[in-house]
Structures are given as structure tokens and as C-alpha cells.
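Numbering (this note's numbering), first residue to last: -18 to 1148. Worksheet: one structure, shown below.
The structure is reproduced here in C-alpha cells:
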């Protein structure tokens, strides 16, 4: 009986294709969110997997023949509309679960019923063959991965595989005949399927290896020597000449199979073929030669597998040597010697996965060896860490190699790691970490290990490009310290004498520290100051492990962990400033260590400028609680570092000069809180710094390196000048001599600077130096700045740095005439026609600073300020970059906003119309800034109708609601003209702004009562006509939007009998002024559209039709077609619609003349 439409099963069957597709698409996306915390899925994992498993097993046991990508009824569909088979969809879901939760967990939830073995094998074979037999897509790789993984569980059936039924013996490839000989049919089928996937480039290769290994290690298969056969087969595949043309996945598949067989098998199980596997791996990794072997060694994944194979072979050989059965000890020793040497060499491999495999291999092998041989491996690692390490005497700066001195004579010398190999050190650090994790390191060697780990925490090298290459070494060192704290007891670590740990780069403490305290201090340094976020978080985790495992061994342990928190150190600026200050306050040892590190490579000598600035900020905080002795020591180190720098401000030299000078400036800033005697002593040391010498060469062209150096110089001079002016240790004459000597240097910086930070720093330095000059020198400086004849080049006269400094000096200048000249000069630059927009913007910015420096409501004495601001607010300069005048308009708005609390109401009322105009213009940023400026001035004036504060964000001022609110200002007569001009500008903006402004205008107009509406519309039209007449012929960016806005208003039909109150003569005269013979296509097209609207006005119909019919012979087809469309809409004559107006004008000229005669006759008759 046929199912009815109301049958739920029938409905489900019809919708199943879409439901499965939706489930397959959405469920993986939901599961992917749990990748960070997959354990959260455990409560529901069994039920979810159970449902999928039940559906999959039901399908393969009952409906395997229905596996199709589309039904017969949908043969005409495209491939993209194909219905995905149920097993494919379920396999993708299972793969997603494996990816999120791990395949080992998911496999435990799959069905292990042996009855599923044969259906699973049949389905895999048939579905793979369907790609060729039925011209259908084969199984996707997720499906193969899941089914092979499931089969690896089913193959563990607790009885012999020969008892499983098999309808027929599968056909076996001739190459696999020897491998499958005497095997049960099920085993042959599994081997054929798994080996076919063994060389796949996808993840199915992994599940194929698991399946093969589990099959080979079954007891009944071991009786048939299947494992040995697989080893022999893979060995022959790797060494045969036919393999030469295979892909890399071919080699990876067989190598992973060899490794898995040896790794997962017990020692007795792998003993028969252990020597063969080792010989193969040794040949491929060490002793072999030839083109193919060399090509294999070039692959990092191959080298990794070879290291892992050699490792498991050694562990089995060591076990066999110690067993009753015995293994030739000489052979084992030979294997150990060759392999350990290979592992040590692999620690410097160029690929990290090989280094990681080699480090683990050394630790695992060392764990299996006796204590003496394990110590030899550790000695070799520590010996490699001593190679190319240089020792530097901090007093004489003499450098020697570490191997030239005994260890007891190297304690006080600084380790210089510039010559070591960072890749090898990464591998060595990982090896130490693995050795400590397995407690393979003897206690008497802990001092050398700790020394190496602490050196690794501070390791840093730069590549030729200037990038850091030491992050991986520090990461490995963090792992090593973490394992040391985790695996060794407090007593064992306290027995280590900290004096015996050489290479401490921070000064000796007044009291001897324990080794745990020393390690904690170093971890605090890395967590607070390291440039890499991973290292900061790793050091924080290691510090937490250290303090948690060894309580009461570290000063202020719990507060330190709370301050140097894992999340607090994530952002570097916070870590370097806030966390550093908190950690330094917890103990003197942290304070001193952080203080010295801040002037090292992680602080003052950091690679990026921001880190150097943050280091100076942190140093300023720490110096407030630093003793005089330590301040003097720090200053002396900074001074020595500055005098060692070269003169050229390039690359690392410029960066070092920047950081060191910022740190000196930070110490000077902290001296304000010092006592008089301390400040005097520090000032004597600072005065011994030759500023001209440490500044280097500043005459070269402006580069990024030079600018950061100049920033450091100016910041240092600013701090020193402020300190001298405040303390009064020197006379006015000495101050004047100092300022006059330094001023040319800062002036050079200010005319060279181009970046905002450098300009700001140089301006502040000038402002700090200026009060120290004698009054005559002050006048001389300002006169030279304002006199073009005294400049080396015109750019120096109008450079942004000097203009900014002038604005600041205006309030400091004691000479009234000079102050007036400064303000006059700045206002002249704003209105100068020969100045670039950048100079005008800088001058307006300086005026803004000058305005803010004046007392409230005291601007009457600045003549011309209003004109200068209006000039800036109405600057629409345009060049190849676009509307660059917007830069000046924005800066002018800042100046107007500053006037809100400094100028009288009369001046503000004169500027408000221009601000309103900008609040309605097309550029979003200008409109947004103008609105906030307008709202501040308008609401501060206590007007009755306050402006809303709803439009806070940039997107808000592009809405219809914003324009509707702005149009309420039309009720203020003084603002109407400017608001209309702003509105037509918005009409020429983006589509969003165009729609919002037009809709708001139409809504506002329709809300006006019928009696007042004509007056309003005519006012808008008169304003547009007047404005267009004033700016004619003008530029398209001004003319076209105004004409389009006028056309829009006339088209809307807001009022009737338009011509009675419209001055048609002025409108027509305006059109003729803007419509010159050389105008652009866009303007001509806009005027044509306006003619079409004016043709509806009786008084202008004749002239408009005359112009429109003349446009039918225009040289541009677009204009001809536009005019024809307008005329067709007016008269509905077929001539306008049937003629090809894209043809040459001469072709249609007779027709056009005839049309003109007919239209003239029609108008005469109508008249």
C-alpha cells in the first residue's frame, strides 16, 4: 500500500537528503568550537557517537547496494546538487569528532562486533570500485579514514581471523602474492585495502598504518610471520629502483609503517626483524649514498621518521642485550655509537620537527642506559653548549672563548652567545628538558644544566634582516626550567650551590641567593620583558610550577605568581610597565634584576621602538625607589654604552642610541623626587655625557633609523633642560650657555623630523630649552625662524616641527613683538596660495595649540583669526590624491572646537555657519568631526533647541535620522545657505549618503505645511542658483552635485506653478555660465537632465526644447541617447525610440531638423 502524504516516515524519507546535508554542514561547525576544551563533550559523546554508529552499521549490513550520490530520478541534476550518501555524511561527522576529541577516544565508542568485519570490507571494496564501474565519485578521504580506523578496532576480534566467513577469496595483486601467501581471506582483503591507502597523501594513511600494525601483531598473524613479511615488503619498496619515481607520501607511508611495527610491538615480537629495520634506517640516515637516498634525506618528515625508527631500534636492542636470550653486545654498542652521534648532529637540523625528534630520542635512549653512559650523553650535550661560547669581561670588555678557561674561572664573566648556532641550541635545550623530565640527569651535573638553561632564557640573536632567531631557544629553556622544577625535589635543588652556577649576567647580589631564587628571578625577567608573548606566558607558567612545587623557597612566592600572572603578561606593554613595577616592589632582588635587564637587549636595546619606549617608562617607575648607588651604576652603564656607539645612525646603532637615551631621560625624570645631594651627584655624572658626541651624525637624509635616534636625543635634552630649570643648581648664565650650545642640535632635529613622534619630541625639547636662553638669544632664535633669508632652504621655514614649536613658544616668549609675529606668520601660512596643504594643516594645528594656550575668552587681540579659520573651513583643494583639502578642514574644525572655551560668543556665531556646512558635506570623517564640533558649540551656547547626542559613531552620521535632525537647523535663517551647500555636497557622495540626504530632505520638505512649503523650496532653489552662479564655471566636483540636487528638487513636485516665483532669467543665465563648450561629459549629461525638467516649466519650455533637440546631434552618443529619452518621455513620438542614436550625428541630422520644425510648429500652435 502506498504511503500517504501524512505518513511521517514518508515525509522524512523525502526530506532526508536536505536534512542530512544540513546536519553534515552545521554539526562540524558546532563541534569545531570545542577544539580548545574537547573534554566538555564527554557527557554527551557516547549518545552522539552511538546514534551515528547505529546508522552506519545498519546501512552497511542492510543497504550497501543503495550507495549512490544521486537517485535515478535526479540524473539530470548537476554534480553540485548531488545527494551525499548516508555513510559519507556520517563518516564526515565521525571524522570531526576524531579531530576534536582525538581518535583514541572515539574508537572506544565504535561498535566492535565481529559481524561487521565482512560487511565493512565488502563496502570499502565496492564503494572504491564504484568510481570506475559506475562512473561515480569514490569515497572521500574522511570516509576512508574513519572506515579503516573502525576496521582496526574490528580486526582485534578475540579469535582467529580464519574463522570469519568470507564468501570468496579476494583477488590479490601479483606484487602482494608473497605477502598474502597462506593468509586467511579476511587478512588478504585487509592487507590489500590498507596497503592501497598506505601511500595516500591524506589522513587515511594514518589509519591504514594503524590497521596494518594491529593486523600484523595479532597472535595468529605472528604465527604466519606477517610482521616480518610487512617489514620485508616495506624495505624492498624503499630500496627498489622502481620507487625512485614515487611521491614523497609513498616513502612516508612505508617509513611510518616500519616505525609503528617496531614501536608498538614488544621486544620479543620485533626481535626477528629488528636488525633488518635498523640496517635499513641506518643506510637511509647515515651510511647510505646515492641520488635517491640523498633526495630522501632532504625531506624533513623522512629525517624525523628515521630518527624515531633508530630510537625504537636502540631501545629494543638494549632490552634484548640485558635479557636472558641475549643480543650481541658489540652490535648494540655499535648501534648506540652511530645512532647517538646521528642524534647529536640532528639537534642542529634546519627543521624543528627533526630537532624535537632527536632531542626526545637522546633522552629515551639515555634513560635505558646505565648511569655512566647516560652521563656521557649529557656531557656531550653540555659540551656542545660550550662550543663557540665567548666570555666577556664586563670591566675590560675583553672577549675569549669559554673553552680557554677552566670553569671555576668563568663565574664572573658574561656569556656572549653571538657566535653559537641558534638551531643547535634549540635542539640542545629541548634535549636538556627531556633528560630532566625523565630524571636522566645525575645530581652532580645540575649546576651545569641550570647554567645552560638560564643562558637559554636570555638567548637572543638577530638575522641579517634584523628579525629575532632566538625565540625557539628561549622556548626550549622555559620547558627545561619547568621540567626541572617539576621532577626534582626542593632538597635536591637546594643542594646546588648557586655560586657554582656561572654566567650570571646581572650583578652579584649583596646576599647569596639560593638556586631556586635565582631561577625564579630569571623567570620573572622573561615573563615581564621578553619580546615574545609565548615566552612570557611560558615563563609565567614555569614560575608558577617552580613556586608551587617548592613552597617557601622563593621570596614573596605567592604574590610574585599573582603579579606575574599568565594573563597579565599577554600584552607586552602591560607586562613591561605594570607587571614589572608590581614585581619589582615585591623584593630587592627582583627590583635590581629588572632594573639591569631594562637596559639590556629586552629593554633599551630591543629591536622595536615601542619596546624601548616601554622600557624607559618602566625604568622611570623603578628609579623612584632605587638607591643612589644603583642609579649611579645604571647611569654609568648607559653612558658607557652610548660612548661605544658609532657615529652613523643606522640600523642597530640608531636603535641602541634611541633606547639608551630614553633610559637616561627616564632616570633624569626620576631625579625630581631625589634629595638635593643625590640629584647634584647624578647631575655631575649626566653632565659628563657629551651630547654632541652621543648624538652621532644627523646631517644625512631623514630615514626611520635617523628619526628614532633624533627622538631619543630630543627626549633626553627635554628631560635634562627641565631638570636644570627646576633644581637651580646652576646660574642663569650657565643655563644660557648650555641651551645655546644644545639648541643647534635640536634645531637640526626639528627641521629634519617628518614623523609625528619625532616632531612632538623635538618640539618639546625646544620648549624646554627656550626658557634657559637669555632674552636676547630668544629673540634671535625667533627672528631667524621667521626670516626666510636666514634659512638654508624654504622647507626649513615651514617645517611642521618649527611651526609646532612656535605655537608652544608663543606663550613663553617675553617679547610682545615676537609673539605677534608668530601668530601673524601662522595665519599667513593658512591663507598662502603657494603653500602645500601639509604646511597649511601644520600651521592650523599650531594655531590650535596657540588657541589652547590662551586664557579663556581672551581672543580679541588676534586680528585675522576669523578669516584664517574660515579659509581653512572652506578649503577644497584637490590633487591626484583626491580631496586633500579635507585635511585642513579637519584641522580647522579642531581649532574651532578649541575656541569653544577660549573665544567670545560673537566669534563663534560667525563660524557656526561654516561648521554647519561641513556637518552636511559628503566626506564621512569631516562630517562626523564637524557634527561633534557643532553640537559642542551649539549646546554650550544654551540655545533653546539643543542638538542630540545620539550620533556618536562614524556610521551614525550617514543615516537618514542624522540628516533629518540636521535639517532642523533650516529654521535658523543664518544657517540656511550653508546647510543647502552642504546638502548638495552630500548628494555627490556615496550611494548611502546620497540616499540618506535625499530622503531626509524630502521628508523634511513634506512635513512643512502647504502654505510655507513654496517659500522654503524657492529659498533652496535660489540658494543653489546663486551659489552656482558664484562658482561658475567651477569644477565638476562642485557643479555636478549642485545641478543634480537642483534636478532632484524640481523632479519631486513639492510645489505647483513653479514658474510664477522662479526667476527664469537667472536660472537660464546660471546654466549658460556652467555649460561652457569644453565641459566634461558628466556635466553635459547632468545639464541635459536639468533641461528635461525645465521643459515642463511653460516660461522655459521653448529654450529647453531647443537645447534638448540640439543635444540630439551632440558628439557623444550618451548625450544623444539621453536627450532622445527625455524627448520621448515628453512627446511619446516613435521617432525618438526607433532611431539609432549611436550612429554618426550626420546620419540623423535630417531627422533632427524635421523634429525641430515640428516641435516649433507645435509650440507656436500651443502659444
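A virtual CB, placed ideally from N, CA and C, is assigned to each residue, including glycine.
For the pair residue 639 and residue 590, the CB atoms are nearer than the 8 Å cut-off.
Listed in chain order, the beta strand (DSSP E) runs fully inside the stretch 784 to 809 amount to none, counting runs of at least 3 residues.
Counting C-beta pairs closer than 8 Å gives fewer than three between the stretch 927 to 940 and the stretch 891 to 899, which falls short of the contact rule. Comparing C-alpha distances from residue 663 to each of 671, 293, 648 shows the shortest one belongs to 648.
In terms of Cβ geometry, residue 692 and residue 739 form a close pair [threshold 8 Å].
For residue 912, the number of other beta carbons within 10 angstroms of its own is at least 16, and it is reported as buried. Scanning 309, 1020, 168 for the CA closest to the CA of residue 99 turns up 168.
Put simply, the backbone Cα of residue 1024 is about 9 Å away from that of residue 965.
By the Cβ-count criterion, residue 887 is exposed, with fewer than 16 other Cβ atoms from all chains shown falling within 10 Å of its own Cβ. Under the DSSP assignment, residue 380 falls in the beta strand (DSSP E) whose first and last residues are 380 to 382. In the DSSP annotation of this structure, the continuous segment of the beta strand (DSSP E) that includes residue 395 starts and ends at 395 to 397.
Sequence-distant partners of residue 997 (beyond 5 residues in either direction) whose C-beta falls short of 6 Å from its own C-beta, in its chain, are 989.
Where residue 559 is concerned, there is no enclosing alpha helix (DSSP H), because DSSP gives it neither an H nor an E. DSSP lists 380, 395 as the beta-bridge partner residues of residue 373. The DSSP-derived three-state label of residue 449 is strand. DSSP, reduced to helix, strand and coil, places residue 678 outside both helices and strands of the structure shown, so it counts as coil.
In the three-state reduction of the DSSP assignment, residue 860 falls in the strand class. Excluding its 5 nearest sequence neighbours in each direction, residue 1075 has C-beta neighbours in its own chain below 6 Å: 1081, 1085, listed in chain order. In the DSSP assignment, residue 443 forms a beta bridge with 449. Short of 7 Å from the beta carbon of residue 1027, and not among the five residues preceding or following it, lie these beta carbons of its own chain, in chain order: 1002, 1005, 1071.
Spatial neighbours of residue 252 in its own chain (CB-CB distance under 7 Å, excluding positions within 5 residues in sequence) are listed in chain order as 301. Here residue 991 is exposed, its C-beta having fewer than 16 other C-beta atoms within 10 Å. Excluding residues up to 5 positions away in sequence, 1066, 1069, 1070, 1092 lie with their Cβ nearer than 8 Å to the Cβ of residue 1103 in the same chain. Relative to residue 406, the option among 123, 433, 598 whose CA is nearest is 433. Every unbroken stretch of the alpha helix (DSSP H) spanning 4 or more residues and falling wholly within the stretch 69 to 135 is given here in chain order: 84 to 88, 98 to 114, 122 to 135. Between the alpha carbons of residue 359 and residue 25 lies a distance of about 48 Å.
When secondary structure is reduced to three states using DSSP, residue 1133 falls in the helix class. For residue 499, the CB contacts under 6 Å within the same chain, skipping 5 residues up- and downstream, are 479 in chain order.
For residue 1116, the closest of 1134, 1125, 1099 by C-alpha to C-alpha distance is 1134. Residue 737 places its beta carbon 8 Å or farther from that of residue 706. Nearest C-alpha to residue 727 among 716, 497, 745, 962: 745.
A distance of 8 Å or more separates the beta carbons of residue 568 and residue 542. Only exposed fits residue 605, as fewer than 16 other CB atoms lie within 10 angstroms of its CB. Per DSSP, the unbroken alpha helix (DSSP H) holding residue 832 starts and ends at 818 to 833.
Around residue 374, the same chain offers 394 as residues with beta carbons nearer than 7 Å, after the five sequence neighbours per side are excluded. Sequence-distant partners of residue 178 (beyond 5 residues in either direction) whose C-beta falls short of 8 Å from its own C-beta, in its chain, are 125, 129, 185, 186, 188, 189.
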